[in-house]
Amino acid sequence: MTNSQQPSGLKIMVIDDSSTIRRSAEIFLTQAGYQVVLADDGFDALAKINDHHPALVFCDILMPRLDGYQTCALIKKSARFHTTPVLMLSSKDGLFDRARGAMVGSAAYLTKPFSKDSLLAAVREHTANLA
1 MTNSQQPSGL
11 KIMVIDDSST
21 IRRSAEIFLT
31 QAGYQVVLAD
41 DGFDALAKIN
51 DHHPALVFCD
61 ILMPRLDGYQ
71 TCALIKKSAR
81 FHTTPVLMLS
91 SKDGLFDRAR
101 GAMVGSAAYL
111 TKPFSKDSLL
121 AAVREHTANL
131 A
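Following UniProt numbering, the numbering of the sequence shown begins with 1 at its first residue and continues without gaps.
Here it is in C-alpha cells:
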C-alpha cells in the first residue's frame, strides 16, 4: 500500500477510561503514522477537541461522569465537529447498544478488545475522503 492510500499524519482522538485501551490504540495508530490525542473521559475529550481538531474520534461508551453516548451527542451537536466521524468503542456488542450509538450520531461501532487490523481498517474507512 502506498502512502497516498493511507493518509498519514491525521489526528485521531481516543476517548477511553481504560489506560490499557488508550495505550493499545495509541501504539497501533502511531505505528501506522497517525497523530494520537488521548482523553480519559468525555469531559477531558471536550476540553481537548477544540485545540486538536481530530479527523476521527474513537469513544468508549461506559465512562464515568459523561458516558460515550453523551460525549458523541455533544460532539455531533457542535457546529465545528458535526461532520467528524465518531466511532463507538464497547465491550458490549448488543443490537440496542449499536442502535443507541447510531441515534446519537456515531459512524460505526467497534467491539473491544479490538485488533490492530480492525482499528486501522475503521480509521481508513472513515477517513478515506480526507486523503
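C-beta: ideal position from N, C-alpha, C; glycine also. Note that the coordinates shown come from a computational prediction; the quantities given were computed from them, not determined experimentally.
In chain order, what residues of the same chain lie with their CB nearer than 6 angstroms to the CB of residue 22, ignoring the 5 residues before and after it?
14, 16, 38
Who are the near neighbours of residue 3 in its chain, counting only those whose CB is closer than 7 angstroms to its CB and skipping five residues on each side?
Confidence in residue 3 is poor, its pLDDT being 39 and thus under 50, which makes the residue's placement too unreliable to answer from.
Grab me the residues of residue 45's own chain with a C-beta within less than 7 angstroms of its C-beta, minus the 5 sequence neighbours each way, in chain order.
13, 15, 39, 71
Would you mind sorting residue 54 into buried or exposed? The rule is 16 or more other CB atoms within 10 Å of its CB.
buried
By alpha-carbon positions, which one of 97, 93, 25, 89 ends up nearest to residue 120?
25
By the 10 Å Cβ neighbour count, where 16 or more other Cβ atoms means buried, how is residue 82 classified, buried or exposed?
exposed
Mark residue 75 as exposed unless 16 or more other C-beta atoms lie within 10 angstroms of its C-beta, in which case mark it buried.
buried
In this structure, does DSSP put residue 2 in helix, strand or coil?
In this prediction, residue 2 has a pLDDT of 37, which is less than 50 and means its spatial position is unreliable; what the coordinates show is noted afterwards. Reduced to three states, the DSSP call for residue 2 is coil.
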